[in-house]
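Which chain is which? The protein sequence lines are A and B, in order.
Read in order, the letters of the first sequence are residues 1 to 239 in the UniProt record's numbering.
Read in order, the letters of the second sequence are residues 1 to 239 in the UniProt record's numbering.
All C-beta atoms, glycine included, are put in the ideal place defined by N, C-alpha and C.
There are 2 protein chains.
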Amino acid sequence: MPTERAVNPIAGGSLLAEQAYEELKGAVLTNRLRPGDALSVPALAAQMGISRSPVREAVQRLIHDGLATHVPHRGAVVATVDVEDVRQLYVVRAVMEGLAARLATERLDATKVAELRELLEEHERVVAAGEDEQRHIEMDVAYHRLIREVADNPHLTAALDTIQGKAHLALHSLWRSPDAPRLALEEHRRIFEAMTSGDTDAADRAAREHIDRLRIRLAQTVASGPEPGEGPSSVRAVP
Amino acid sequence: MPTERAVNPIAGGSLLAEQAYEELKGAVLTNRLRPGDALSVPALAAQMGISRSPVREAVQRLIHDGLATHVPHRGAVVATVDVEDVRQLYVVRAVMEGLAARLATERLDATKVAELRELLEEHERVVAAGEDEQRHIEMDVAYHRLIREVADNPHLTAALDTIQGKAHLALHSLWRSPDAPRLALEEHRRIFEAMTSGDTDAADRAAREHIDRLRIRLAQTVASGPEPGEGPSSVRAVP
DNA sequence: CCGGTGAATATTGCATGCAACATAGGGTCA
DNA sequence: TGACCCTATGTTGCATGCAATATTCACCGG
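This is how it looks when you write it as structure tokens:
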């Protein structure tokens with residue numbers, strides 16, 4: 001077991017627990033900590049250079065978010081998402097993104113339209129340049145996040161953040177389709193068109209269908225390429 | 001300030017933090033702790049007869065659930081839900097209960113139908129007997145919870161639990177309509193009919209409309225009778 | 001009578017100690 | 001060689017200590 005630490009030391013300002021949480025979440029979401037990896041509170045505390053209290057708190061928040069699971073007397077481990085999990089995740093996410101798009105359509109103004117267009121164009125560049133998967137996921141997350149922000153419903157935002165966090169985690173293990181970014185971008189554009197035309201029903205439908213298609217493509221990808229067997233914390237690179 | 005404790009001592013078995021969380025949540029949801037009440041970790045720890053660590057953890061979970069808010073350097077206080085909060089809450093809840101009903105319809109079997117009918121009949125007795133509000137809320141919560149259970153989607157369940165928790169909290173402050181229980185029961189029956197007839201669309205619609213009507217009735221109640229003034233736990237009235 | 005100032009108070013958040021406990025691994029015995 | 005036991009290690013979860021800090025209340029001056 002290499003001493004290669006998956007998390008970085010904490011600066012040491014205020015709210016160590018918060019910083020530890022962000023660091024851990026980042027490590028999980030960028031796949032530096034992989035599903036199945038152990039989250040030992042003492043070990044992480046040592047690596048971050050802080051005591052166990054804030055780390056313990058951070059790990060528990062991760063568990064609460066569904067990004068880690070608690071194995072009795074074995075500590076916490078980064079959550080493993082199976083195909084069925086993802087399916088159920090996306091069924092829920094579809095109706096919530098639909099609602100978000102609907103609400104956002106009602107509250108859209110010129111500023112927000114510009115921001116959305118901006119994001120779409122940047123996403124376009126990323127896709128055109130064939131940049132890395134990580135970057136694409138970031139754009140995808142950012143786009144949906146902005147829609148939520150426009151929708152301006154904190155309860156919806158909170159629920160969707162949790163759902164999307166788990167989905168984000170799943171993408172690392174499951175998403176292997178090379179033209180997925182292009183398709184996603186296309187569907188993002190369709191949502192944009194519906195929203196800017198003021199058609200709430202169409203926006204709702206477009207967002208729901210986007211997530212539904214994502215779910216279907218994910219299922220197909222998994223079905224075709226059953227995933228090279230990879231142990232918890234082994235060394236494989238993302239293809 | 002009366003020494004009247006709002007929370008009970010903890011038995012002392014295993015997982016004190018969990019027990020403390022349940023105790024606190026119960027106190028909040030049954031209105032023994034009211035919106036605005038302070039949640040002092042040292043005080044609660046003393047009342048429960050345990051140390052601060054598990055209590056701190058419990059309070060943080062409450063905050064994460066939206067049942068409490070963190071006021072800087074003043075400790076945590078039981079969350080205050082205003083009318084707008086409730087409206088936004090129910091907008092989200094409507095689509096999620098709709099999805100739950102839809103999924104439940106697809107997975108319904110004879111056993112679950114019997115359980116649902118059982119609950120409805122008990123609810124009927126409660127309404128007929130004109131029992132207390134608390135009991136009615138319990139029935140309402142139980143009914144929706146059972147639908148979720150049948151729907152069998154853990155992510156949907158988790159999200160809805162959080163949403164319903166906040167809604168539950170809101171009801172104490174806002175629900176003053178005497179015939180609300182009767183109307184709710186009636187709408188529960190309608191959802192039941194749609195589900196047992198196997199019509200997923202109708203079930204979805206019925207559940208969504210139920211929550212929407214709930215939201216509208218709540219808004220009307222609040223608009224007509226602005227609430228008998230009752231302050232946090234002491235003197236102030238809600239502005 | 002009222003406003004301002006200072007000290008006492010109570011809070012949080014982090015660090016650390018410690019007992020209980022399950023697991024893993026090695027060594028022993030049949 | 002294979003199964004079993006027993007110890008060593010790692011973990012959790014709770015208790016407690018402690019510094020930093022904002023609030024509150026009383027008291028004093030105007």
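Buried or exposed (CB count within 10 angstroms, at least 16 for buried), residue i
{"i": "residue 240(B)", "result": "Nothing can be reported for residue 240(B): it is not among the residues displayed for chain B, which extend from 1 to 239."}
{"i": "residue 125(B)", "result": "exposed"}
{"i": "residue 74(B)", "result": "exposed"}
{"i": "residue 106(B)", "result": "exposed"}
{"i": "residue 72(B)", "result": "exposed"}
{"i": "residue 132(A)", "result": "exposed"}
{"i": "residue 211(A)", "result": "buried"}
{"i": "residue 163(B)", "result": "buried"}
{"i": "residue 140(A)", "result": "buried"}
{"i": "residue 117(A)", "result": "exposed"}
{"i": "residue 60(A)", "result": "buried"}
Cα-Cα separation, residue i to residue j
{"i": "residue 177(A)", "j": "residue 146(A)", "result": "25 Å"}
{"i": "residue 199(B)", "j": "residue 31(A)", "result": "42 Å"}
{"i": "residue 248(B)", "j": "residue 155(B)", "result": "Since the displayed chain B opens at 1 and closes at 239, residue 248(B) lies outside it and no answer follows."}
{"i": "residue 90(A)", "j": "residue 77(A)", "result": "23 Å"}
{"i": "residue 129(B)", "j": "residue 186(B)", "result": "16 Å"}
{"i": "residue 153(A)", "j": "residue 9(A)", "result": "35 Å"}
{"i": "residue 49(A)", "j": "residue 68(B)", "result": "31 Å"}
{"i": "residue 214(A)", "j": "residue 47(B)", "result": "51 Å"}
{"i": "residue 237(A)", "j": "residue 22(B)", "result": "Here residue 237(A) scores only 33 on pLDDT, less than 50, and its place in the model should not be relied on; the value that follows carries that caveat. Residue 237(A) and residue 22(B): Cα-Cα distance of roughly 43 Å."}
{"i": "residue 142(B)", "j": "residue 119(B)", "result": "8 Å"}
{"i": "residue 103(A)", "j": "residue 151(A)", "result": "5 Å"}
{"i": "residue 88(B)", "j": "residue 189(B)", "result": "25 Å"}
{"i": "residue 157(A)", "j": "residue 179(A)", "result": "29 Å"}
{"i": "residue 166(B)", "j": "residue 83(B)", "result": "12 Å"}
{"i": "residue 108(B)", "j": "residue 172(B)", "result": "32 Å"}
{"i": "residue 20(B)", "j": "residue 97(B)", "result": "29 Å"}
{"i": "residue 35(A)", "j": "residue 66(A)", "result": "12 Å"}
{"i": "residue 149(B)", "j": "residue 114(A)", "result": "42 Å"}
{"i": "residue 182(B)", "j": "residue 218(B)", "result": "14 Å"}
{"i": "residue 38(B)", "j": "residue 57(A)", "result": "22 Å"}
{"i": "residue 26(B)", "j": "residue 216(A)", "result": "41 Å"}
{"i": "residue 209(B)", "j": "residue 161(A)", "result": "26 Å"}
Beta-carbon separation (whole angstroms), residue i vs residue j, contact threshold 8 Å
{"i": "residue 24(A)", "j": "residue 7(A)", "result": "6 Å"}
{"i": "residue 194(A)", "j": "residue 184(A)", "result": "Not a contact, Cβ separation roughly 16 Å."}
{"i": "residue 174(B)", "j": "residue 86(B)", "result": "6 Å"}
{"i": "residue 137(B)", "j": "residue 168(B)", "result": "7 Å"}
{"i": "residue 55(A)", "j": "residue 62(A)", "result": "Rounded, the Cβ-Cβ distance is 10 Å, inconsistent with contact."}
{"i": "residue 159(A)", "j": "residue 41(B)", "result": "Residue 159(A) to residue 41(B), Cβ: 28 Å. No contact."}
{"i": "residue 206(B)", "j": "residue 101(B)", "result": "7 Å"}
{"i": "residue 204(A)", "j": "residue 99(A)", "result": "7 Å"}
Identified DSSP bridge partners for residue i
{"i": "residue 70(A)", "result": "76(A)"}
{"i": "residue 258(B)", "result": "For residue 258(B) there is no data in the structure shown, the boundaries of chain B being 1 and 239."}
**Asked** Closer than 8 Å, Cβ to any Cβ of chain A: which residues of the stretch 162-175 of chain B, in chain order?
**Response** Listed in sequence order: 162, 163, 166.
For the stretch 136-166 of chain A, enumerate the residues whose C-beta is nearer than 8 Å to any C-beta of chain B, in chain order.
-> 153, 154, 155, 156, 158, 159, 162, 163, 166
Open item on the list: Beta carbons nearer than 8 Å to chain A: which residues of the UniProt domain "HTH gntR-type" (14-81) of chain B have them?
Closed with: Hits within the stretch, in order: 57, 60, 61, 64, 66.
>> If the cut-off is 9 Å on Cβ atoms, which residues from the stretch 88-99 of chain B count as contacting chain A, listed in chain order?
In response: Of all residues in the stretch 88-99 of chain B, the ones placed with a Cβ closer than 9 Å to any Cβ belonging to chain A are 88, 89, 91, 92, 93, 94, 95, 96, 98, 99, in chain order.
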